[in-house]
Amino acid sequence: MTDAMLMAALSNIRGDARALNKVLAALDVDCIHTIVNTGDSVMGGADPHAVVGLLSKANVASVQGMMDRHAALFSRRRNALFRKYPEDLEAIARTHEQLSGDDIEYLLSLPKSRTLSVEGLRIVVCHGTPASQSDALREDDPPHRFQRQRERAAAPDLIVCGQTPAPFVREVDGTLFVNPGSVGIGPEACYALIDTDAEPWEVRFEPVSCPRP
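Residue numbers for the sequence shown follow the working numbering, beginning at 696 and rising by one.
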């Protein structure tokens, strides 16, 4: 099996550099170097600056999460964010203060979704849905919601989506939808391993012990 046939998906790192480092170390041991990340990478944890550095160094194919954008643009959009997210404003501000200029530039450069080609397969990575950064798919959503997003993304083989921390796998009309869970939320870090060499494709959710502060 080649690296390209076994890929990892991450989501909701939430500024937890220690958890991300453990996940990346586990992937390195398994020689998995195709890694995607659905965003919300920096807000909430102790070290958003280190998270950006780890993602960049590991060449993770990330997309921009909604909270990544808010943290990066805080100084310009403080009043609007206060009106929309009053309960999150302190965390957004704290994250913004910990980010360097290069970190902010990195976060703003990330696409809201991206399409990858891996061994001839089309893979779409998005934060919420292929059509919207602020929307989200959940495992128990009716089939038509998945069908609509599949059509918006031009019927790829795989859609990796995030925003919500609950992991799930669902196949709709020949497209596999995977939410990898959360690296930075919950009692353990969690990521997904997607084996496209298996028939049918196999998705495993891997826990990583990482006590939160």
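We treat Cβ as the ideally placed atom computed from N, Cα and C, and that holds for glycine.
Got a sec, what are the start and stop residues for the alpha helix (DSSP H) residue i sits in?
i    : result
V878 : Note, V878: premise wrong, no alpha helix (DSSP H); not H, not E.
N716 : A712 to V724
R847 : P838 to R847
Mind checking which residues open and close the beta strand (DSSP E) that includes residue i?
i    : result
V898 : E897 to S904
M702 : L701 to L705
C885 : E883 to D890
R865 : F863 to V867
T870 : T870 to N874
V731 : I730 to N732
P727 : In the sequence on display, residue 727 carries Ile and not Pro. Note, I727: premise wrong, no beta strand (DSSP E); not H, not E.
I708 : No beta strand (DSSP E) contains I708, which DSSP labels as neither H nor E.
V737 : Unbroken run through V737: none, as it is neither H nor E.
L853 : L853 to V855
To the nearest angstrom, how far is it from the Cα of residue i to the Cα of residue j?
i    : j    : result
E897 : N707 : 22 Å
S812 : N874 : 19 Å
D698 : R833 : Here D698 scores only 40 on pLDDT, less than 50, and its place in the model is too uncertain to base an answer on.
V855 : G881 : 20 Å
C905 : R709 : 14 Å
D742 : T790 : 8 Å
M696 : Q828 : Residue confidence is low: M696 scores 34 on pLDDT, short of 50, so the model does not pin down where it sits. No coordinate-derived value is stated.
H839 : F863 : 17 Å
G739 : A848 : 30 Å
T870 : G815 : 15 Å
S795 : H744 : 7 Å
V731 : F900 : 14 Å
R809 : Y801 : 15 Å
G857 : F777 : 24 Å
Y780 : A893 : 43 Å
K752 : S804 : 16 Å
V903 : P837 : 31 Å
T891 : A850 : 17 Å
R764 : D830 : 15 Å
With residue i and residue j assumed to form a contact (beta carbons below 8 Å), what rounded beta-carbon distance in angstroms separates them?
i    : j    : result
A703 : Y886 : 6 Å
N716 : L750 : Not quite, the Cβ-Cβ distance comes to about 11 Å (not below 8 Å), so this is no contact.
D932 : V747 : The question about residue 932 has no answer, for the chain in this structure spans 696 to 908.
L701 : I727 : 6 Å
V867 : A714 : That belief does not hold up - the Cβ atoms of V867 and A714 are roughly 30 Å apart, past 8 Å.
P860 : G876 : 6 Å
Would you please verify whether the beta carbon of residue i is less than 8 Å from any beta carbon of chain D?
i    : result
V758 : Within the model displayed, chain D is absent; a lone protein chain is all it includes.
*For the region 745-821, which segments carrying the alpha helix (DSSP H) assignment without a break, of at least 4 residues, lie completely within its bounds, in sequence order?*
761-767, 769-779, 784-793 and 796-804
*So does the region 746-764 actually touch the region 842-854, counting three or more Cβ pairs closer than 8 Å?*
no
*asked:* With a threshold of 8 Å, are at least 3 pairs of Cβ atoms found where one atom belongs to the region 720-731 and the other to the region 784-798?
replied: no
*Please confirm if the region 814-824 is in contact with the region 766-778, defined as three or more CB-CB distances below 8 Å between the two stretches.*
no
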